[in-house]
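Worksheet: the structure to be examined is printed underneath.
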Amino acid sequence: MSNRPARGATNNATSRRFNLPEREVDGDWLDERHLIDGAPPRDRTSVAVLKPKTILIRNTSPDIPFDRSINAYGGCEHGCIYCFARPTHAYHDLSPGLDFETKLFAKPDAAALLRAALSKPGYVAKPIALGTNTDPYQPIERDWRITRDCIAVLAETNHPLTITTKSDRVVRDIDLLAPMAAKGLVSVTLSVTSLDPVIARTLEPRAPHPKKRLAAVATLAAAEVPVFVSISPVIPAITDHEVERLIERAAQAGAQGAYFLPVRLPYEVAPLFRAWLEAHFPDRAGKVMGIIRSLRGGRDNDPSFHSRMRGQGAWGQLLATRFAIACRRHGLTGGHPWLRCDLFRPPAGPQGELFS
14 MSNRPARGAT
24 NNATSRRFNL
34 PEREVDGDWL
44 DERHLIDGAP
54 PRDRTSVAVL
64 KPKTILIRNT
74 SPDIPFDRSI
84 NAYGGCEHGC
94 IYCFARPTHA
104 YHDLSPGLDF
114 ETKLFAKPDA
124 AALLRAALSK
134 PGYVAKPIAL
144 GTNTDPYQPI
154 ERDWRITRDC
164 IAVLAETNHP
174 LTITTKSDRV
184 VRDIDLLAPM
194 AAKGLVSVTL
204 SVTSLDPVIA
214 RTLEPRAPHP
224 KKRLAAVATL
234 AAAEVPVFVS
244 ISPVIPAITD
254 HEVERLIERA
264 AQAGAQGAYF
274 LPVRLPYEVA
284 PLFRAWLEAH
294 FPDRAGKVMG
304 IIRSLRGGRD
314 NDPSFHSRMR
324 GQGAWGQLLA
334 TRFAIACRRH
344 GLTGGHPWLR
354 CDLFRPPAGP
364 QGELFS
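In this note's numbering, the protein residues as written are 14 to 369.
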């Protein structure tokens with residue numbers, strides 16, 4: 014087992030793509046209590062402030078159903094070992110490993126930057142996606158409330174948005190989301206990858222318990238907020254046996270639909286995932302990677318558009334078939350709702366009033 018409780022990565026290897034120097038595993042951000050009283054080292058979480066000039070991130074990928082998104086935070090304390098956003102930490106000269114889940118970045122000016130972007134002449138509203146890179150409701154949102162501030166701006170302007178999270182903290186903002194849902198402006202997706210608390214604790218060590226996430230689905234559904242469940246990523250020989258049960262529980266909670274992706278291991282994620290397998294599932298590590306390679310055309314990862322979102326070969330077809338049958342059986346056949354863009358009005362204020 015990992016010697017780092019409540020963390021996902023087992024090491025802090027540095028990205029080789031950017032010629033960054035190798036760093037010590039413990040680094041200088043950890044508690045130094047063990048030097049004083051012999052207590053084991055603890056990975057502290059730190060948060061630094063980022064001051065970006067813009068907050069809307071544009072996307073042109075042909076296999077992603079949105080063209081703009083907001084990332085309120087950099088890094089993610091949930092520590093999901095499979096997270097495809099881990100490599101982005103290398104741009105800060107930090108490791109995609111432990112740094113990604115312990116050295117976080119917050120963007121407190123996000124709501125102000127969003128307001129400015131929506132006020133620009135000629136801005137055309139289309140759904141903004143929250144939670145496409147790192148989780149908008151990770152633990153630090155409790156204190157920073159940047160996601161809530163952004164939602165408040167979108168609610169004020171009748172701007173459509175989608176939210177993806179694996180945290181039940183999203184229900185805290187139901188006072189904003191329910192009125193938006195009544196206008197056809199929002200949908201929420203909760204990620205639930207496993208119902209087994211032991212597997213969930215190693216896969217996503219600081220994410221809420223799966224039961225809490227399903228309870229959040231039920232709460233949102235009761236408030237008539239369109240809610241969906243993602244069982245992504247499905248990991249062969251680790252979580253694939255839960256596909257049918259996950260779909261059943263999602264339906265029972267009131268989800269309108271569901272979707273899945275086979276696990277993706279881009280760039281530095283692959284060696285981190287391999288180390289995680291050796292630490293937590295040494296008995297099947299080789300089998301897991303063998304199946305993943307069969308899903309990805311003989312490689313650890315397939316970066317090609319369209320195929321990267323689906324699995325190849327017999328395993329890919331089997332997962333897709335099982336998922337489709339389970340969704341039909343439990344009535345989870347609803348697609349994401351069409352969100353209204355025609356209600357948008359620029360923000361109030363000196364700039365907004367000029368173009369309203």
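For every residue, glycine included, the Cβ atom is placed at its ideal position computed from N, Cα and C.
- In angstroms with no decimal places, state the Cα-to-Cα distance between phenylalanine 357 and asparagine 146. 25 Å
- Message: Since serine 82 and alanine 123 should fall inside the 8 Å C-beta cutoff, what is the C-beta to C-beta distance between them, to a whole number of angstroms?
- Response: Taking C-beta atoms under 8 Å as the contact rule, serine 82 and alanine 123 fail to qualify, at a distance of about 12 Å.
- Item | Span separating the alpha-carbon of cysteine 93 from that of leucine 111 | 11 Å
- Query: Nearest to leucine 131 by CA position, among Pro173, Val256 and Val242, is which residue?
  - Reply: Pro173
- Compare the C-alpha of glycine 21 against each of Gln151, Gly311 and Arg214 and name the closest. Arg214
- Return the bridge partner residues of isoleucine 70 from the DSSP annotation. Ser82
- Query: Between valine 184 and leucine 233, which are expected to be in contact by the criterion C-beta below 8 Å, what is the C-beta distance as a whole number of angstroms?
  - Reply: 7 Å
- Message: Please identify the residue among Thr73, Ala129, Pro218 and Cys89 whose C-alpha is closest to the C-alpha of proline 65.
- Response: Ala129
- Query: What three-state label does DSSP hand serine 245 in the structure shown?
  - Reply: If DSSP states are grouped into helix, strand and coil, serine 245 belongs with coil.
- Query: Around the Cβ of glutamine 330, are there at least 16 other Cβ atoms within 10 angstroms (buried) or fewer (exposed)?
  - Reply: With fewer than 16 Cβ atoms within 10 Å of its Cβ, glutamine 330 is classed as exposed.
- Message: Just verifying my parser: in three-state terms, what is the DSSP assignment at glutamate 217?
- Response: Glutamate 217 falls in the coil class under three-state DSSP.
- Sequence-distant residues of its chain with Cβ nearer than 8 Å to lysine 196 (five each side left out): Asn171, Arg353 and Leu356
- Taking C-beta to C-beta, are valine 60 and alanine 125 nearer than 9 Å? For valine 60 and alanine 125, no; Cβs fall outside 9 Å.
- Are arginine 226 and valine 205 touching if we call contact CB-CB under 9 Å? Contact flag set, yes.
- Task: Assign glycine 135 to one of two classes, buried (16 or more other C-beta atoms within 10 Å of its C-beta) or exposed (fewer than that).
- Result: exposed
- Item | Burial state of glutamate 237, where buried means 16 or more other Cβ atoms lie within 10 Å | exposed
- Query: Quick one, are the C-beta atoms of valine 242 and leucine 345 less than 9 Å apart?
  - Reply: For the 9 Å CB-CB criterion, valine 242 and leucine 345 form a contact.
- Message: By the three-class DSSP mapping on this structure, what secondary structure does valine 183 have?
- Response: helix
- Identify which residue in Glu261, Cys96 and Leu285 has its Cα closest to the Cα of leucine 274. Cys96
- When DSSP labels each residue in this structure, what does proline 65 get in the three-state scheme? coil
- Query: Secondary structure at valine 199, three-state DSSP: helix, strand or coil?
  - Reply: Here valine 199 sits in strand by DSSP.
- Can you name the start and end residues of the beta strand (DSSP E) that glycine 270 belongs to? Per DSSP, glycine 270 belongs to the beta strand (DSSP E) from 270-272.
- Message: Please give me, in chain order, every unbroken run of the beta strand (DSSP E) with length at least 3 that falls completely inside the stretch 270-308.
- Response: 270-272
- 6 Å Cβ shell around alanine 220 - same chain, five flanking residues per side excluded: Cβ neighbours of alanine 220 within its own chain (closer than 6 Å, five residues either side excluded): His91 and Lys179.
- Item | Contacting residues, own chain, Cβ-Cβ under 6 Å from histidine 343 (five flanking each side not counted) | Ile260, Glu261 and Ala264
- Buried or exposed: alanine 19, going by 16 or more other Cβ atoms within 10 Å of its Cβ? The residue in question, alanine 19, is exposed, as its Cβ has fewer than 16 Cβ neighbours within 10 Å.
- Query: Once you ignore the five residues that flank leucine 189 on each side, which residues in its own chain have a CB closer than 8 Å to its CB?
  - Reply: Arg161, Ile164, Ala165 and Ala168
- Message: Less than 6 Å between C-beta atoms, sequence neighbours within five positions excluded: which residues of the same chain meet that for leucine 278?
- Response: Contacts found: Phe286, Asp313 and Asn314.
- Item | Where lysine 224 falls: helix, strand or coil (DSSP) | helix
- Label serine 376 either buried or exposed according to how many other C-beta atoms from any shown protein chain fall within 10 Å of its C-beta, with 16 as the threshold for buried. Beyond the ends of the chain as shown, which are 14 and 369, falls residue 376; an answer cannot be given.
- Would you mind giving the Cβ-Cβ distance between arginine 182 and tyrosine 150, rounded to the nearest angstrom? I have them listed as a contact below 8 Å. 4 Å
- Query: With 16 other CB atoms within 10 Å as the buried threshold, where does valine 62 fall?
  - Reply: So valine 62 ends up on the exposed side.
- Item | Local conformation of isoleucine 141 per DSSP, three classes | DSSP places isoleucine 141 within a strand segment (E or B) once states are collapsed to three.
- Message: Tell me the DSSP secondary structure of threonine 206 in three-state form.
- Response: coil
- Message: Whole angstroms are fine: how far does the CA of isoleucine 153 sit from the CA of phenylalanine 294?
- Response: For phenylalanine 294 and isoleucine 153, the distance between alpha carbons rounds to 30 Å.
- Message: Taking 9 Å as the threshold (C-beta atoms), are valine 201 and valine 240 in contact?
- Response: yes
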